[in-house]
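J.: Reminder that position 107 of the sequence shown reads as 107 in the UniProt record's numbering, one-by-one numbering, no gaps. One structure coming up, written as structure tokens, with questions to follow.
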Amino acid sequence: MPSKSKFFSGTGRRKRSVARVWLYESKGEIMINDVPVGEFFTGREETLEWVRPFHAVGVSHPQAKFSATIKVHGGGIAGQVGAVRLGIARALISYNPEFKAILRTSGLVTRDSREKERKKPFLKGARARPQYSKR
């Protein structure tokens, strides 16, 4: 566990997921909900996704330079990895404001606002109507 002295924080959201990130400038573990990140995101695509902010700013091995505590809840795996990615990007911006332009060109600062559309009354789903019968 990193020392709680100096940290850089960021909050990321994606779909129904919310991730709060505390980034420490010390060599150590990146923990998500008290589980190592390698055990939390087991797939290759998820791993490539959450490290994108670090690679964009030139950190090839995040655990060699940073340690992080991440709390994520809500949604599924895809939403959670997107929320973690945005939270890490925002924490890196609070660490060094010059990273904002680099992360912006990579498209890592923009919040993906697409959410599930709500079901409307008298309809079968968000937009699906009941079958129409002429007679």
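Note that the Cβ used here is the ideal one computed from N, Cα and C, for glycine as well. Computed from a predicted structure; not experimentally measured.
1) Roughly how many angstroms separate the alpha carbons of Gly79 and Gly10, rounded to a whole number?
2) If you reduce the DSSP assignment to three classes, tell me which class His61 lands in.
3) From Ile32 to Lys120, what distance separates their C-alpha atoms?
4) Taking only the alpha-carbon atoms, compute the straight-line gap between Lys124 and Val18 and give it to the nearest angstrom.
5) Is it true that the CB of Arg111 sits closer than 8 Å to the CB of Leu86?
6) Could you give the DSSP three-state label for Tyr132: helix, strand or coil?
7) Considering just the uninterrupted stretch of the alpha helix (DSSP H) at Gly87, what are its terminal residues?
8) Hey, would you say Ser67 sits closer than 8 Å to Glu29, going by beta carbons?
T.: Checking against the coordinates, here is how it stands:
1) Gly79 and Gly10: Cα-Cα distance of roughly 16 Å.
2) Three-state result, His61: coil.
3) If you take the alpha carbons of Ile32 and Lys120, they lie about 36 Å apart.
4) Cα to Cα, the separation comes out at about 29 Å.
5) Against a cut-off of 8 Å, the Cβ pair of Arg111 and Leu86 comes out as a contact.
6) Here Tyr132 sits in coil by DSSP.
7) Here the alpha helix (DSSP H) through Gly87 covers 77 to 95.
8) The answer is yes: Cβ separation under 8 Å.
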